[in-house]
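Data first, discussion second: the structure below is written as structure tokens.
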RNA sequence: GGGCCCGUAGCUCAGCAAGGAUAGAGCACCGGGCUUUUAACCCGGGGGUCGGGGGUUCAAUUCCCCCCGGGCCCGCCA
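Residue numbers (our numbering): 298 to 842.
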């Protein structure tokens, strides 16, 4: 899990709110105290990619780092949370779901590529804003720094200088840590080619310190197994003007850490090598003690079901927020830090319900025996609300109840039907529809629409069943009261020697495509008698009995 | 080649990071209740060598080591 952290003292004192985040914050503060570093503002950073669709793992990284920043504040220190957008990176692969025509932009900085959706300034902007939109919905507060801006304004100038001056040592560190020999000859800097505009096709070979310049030639590079041919241009890039960027692995992270005085950054295990290298560069080249880290495992896609019809949608925050609340998504990301978890959109209901359980614990409706455990769960709840928990508990309705109701709600009077049922079930006392309830119903409808829409099922009818249905149709024509229709179903069954239970099952299958459903009498009225009769007649025709 | 994660009820998992009492939940299953049967809800029930083996300890699902099984990440891409 976290190799860099030694066990804390063994006392049973609860730190902060008892969560993992509180403990990390505690360690950061202790560490800074020992290092004699400035404790006035403790900065936490998250880097976010701009070259593809942000997925659930992207927001997870940000949320976890942010939680640590919050935890620092909870312990009485100032903390600033920085989101660093890697929008000067080049495009290395056209993401699934985007037009192949984008291939002509491979190797270009993502901010120099037009937005395929035409709604943002660039491809990179589009991707970053998808993530920022999700962060905003969750209420995560951050200071955004874009790479393009940072390089343009010279924010990293001193660090770039130090790294280029010591390029040889940087190359050796990389070779020692990863076996990668590339930077033993190339400078750890990618100039943007002044001729073709690409960033990944250039090779920087000489540093002219006095002129702040890096000489390069656009000779091409292998990217994701494909050779990107360079344009052959030879030029010079002024690093103080943002005419290129540091190589990510070869010191850009370290440069950011020192320039921004970052004290903590959690990262996914795919970046293990890069962090190792950058830690050394930070310490050995830049003379800056690198931030404390925590490594987390990745989320895996179960991807059993179609998530969305719209192309290119992997499991994104937007998808989650269609079916679940921001807090439920934060619960997913904050609940556990370690351990690979395979998740899919089908987990949303579970997290929605779990959040309700946590809320019960937080408000003392449910008692937990162990005080440490209780503190931890209450703490987790607070972090899910980013330390701004509601004053009163919300209405708790199991997710599957709502999706069930949404599924069978008769067209045209959905809300009325759901409200009435919730009252019957005892969840609702009056007709007041709170904002929270409205959202929950909306999630449920989205869920049903995408995954469980009712489809009339073809049901193979036996002779008696067909007769019973014919009888029932006649009866329904003549009756308008729900309870009488309910009785009529029993009569129709018995008159044809059918077990009512089985007959109900058959009817549910015909009308809803599932073997069970709401009390039929009232439901038939709600659906509209004529609709039901037509559905029953269709089933007779298809069965040919 | 290097590193990491997981293995707990039929299924999906929680608990393990600061070791502590008969190891939990949901779903599924069985029985009962809600006097016309569904859904929902309530009550009760069965079900486990906590992957295996060793070690530390008064005490291990929890900590350490080894093994087996499943999976992931990295390998001159950032």
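Glycine included, every Cβ here is placed at the ideal spot set by N, Cα and C.
Ranking 824, 709, 808 by CA distance to the CA of residue 837 puts 808 first. Taking a cut-off of 8 Å on C-beta distances, the segment 375-394 touches the segment 429-448, as three or more cross pairs fall below it. Out of 824, 797, 578, the CA that lies nearest to the CA of residue 709 is found in 824. Within 10 angstroms of the beta-carbon of residue 700 lie 16 or more other beta-carbons, which makes it buried. Just measuring C-alpha positions, the residue of 707, 651, 730 sitting nearest residue 697 is 651. Taking the C-beta atoms as reference points, residue 833 is found nearer than 9 Å to residue 766. Only exposed fits residue 416, as fewer than 16 other CB atoms lie within 10 angstroms of its CB.
By the Cβ rule, the segment 561-580 counts as touching the segment 329-347, because three or more pairs are nearer than 8 Å.
In the three-state DSSP reduction, residue 472 falls in the helix class (H, G or I).
Residue 530 sits close to residue 514, with the two beta carbons spaced by under 9 Å. Around the beta carbon of residue 591, 16 or more other beta carbons lie within 10 angstroms, which makes this residue buried.
Restricting attention to 332, 659, 588, 501, the CA atom closest to the CA of residue 688 is found in 659. DSSP links residue 406 through a beta bridge to 387.
Only exposed fits residue 398, as fewer than 16 other CB atoms lie within 10 angstroms of its CB. With respect to the 9 Å criterion, residue 454 and residue 536 are classified as neighbours on the basis of their beta carbons. For residue 515, the enclosing beta strand (DSSP E) begins and ends at 510-515. Taking C-beta separations shorter than 8 Å and ignoring five residues to either side along the sequence, the partners of residue 405 in its chain run 387, 388, 494, 495, 496, following chain order. In this structure, residue 533 places its C-beta atom within 9 Å of the C-beta atom of residue 512. A Cβ-Cβ separation of about 13 Å leaves residue 547 out of contact with residue 583 under the 8 Å criterion. Straight-line spacing of the CA atoms in residue 527 and residue 492 works out to 10 Å. According to the DSSP assignment, residue 340 belongs to the beta strand (DSSP E) that extends over 338-346. Contact between the segment 345-363 and the segment 609-628 is present: 3 or more CB-CB pairs across the two stretches fall below 8 Å. Annotation: the segment 765-807 contains the following complete segments of the alpha helix (DSSP H) (minimum length 4 residues), in chain order: 779-792. Contiguous beta strand (DSSP E) elements confined to the segment 613-682 occur at 638-640, taking only those with 3 or more residues. In the three-state reduction of the DSSP assignment, residue 426 falls in the helix class.
Under the three-state reduction of DSSP, residue 568 is assigned to helix. Here residue 332 has 586 as same chain residues with Cβ atoms under 8 Å from its own Cβ, once five neighbours each way along the sequence are excluded. By the Cβ test, the segment 717-724 is not in contact with the segment 667-674, since fewer than three Cβ pairs between them sit closer than 8 Å. For residue 396, the closest of 330, 414, 734, 432 by C-alpha to C-alpha distance is 414. Linking residue 321 to residue 420 through their CA atoms gives a straight-line distance of about 36 Å. Per DSSP, the beta-bridge partners of residue 534 are 511. In the structure shown, residue 355 falls within a helical segment according to DSSP collapsed to helix, strand and coil. Taken through DSSP and simplified to helix, strand or coil, residue 686 comes out as coil. Beta-bridge pairing by DSSP links residue 524 to 519.
A Cβ-Cβ separation of about 5 Å places residue 690 in contact with residue 656 under the 8 Å criterion. Boundaries around residue 501 are those of the beta strand (DSSP E), 499-505, since no alpha helix (DSSP H) includes it.
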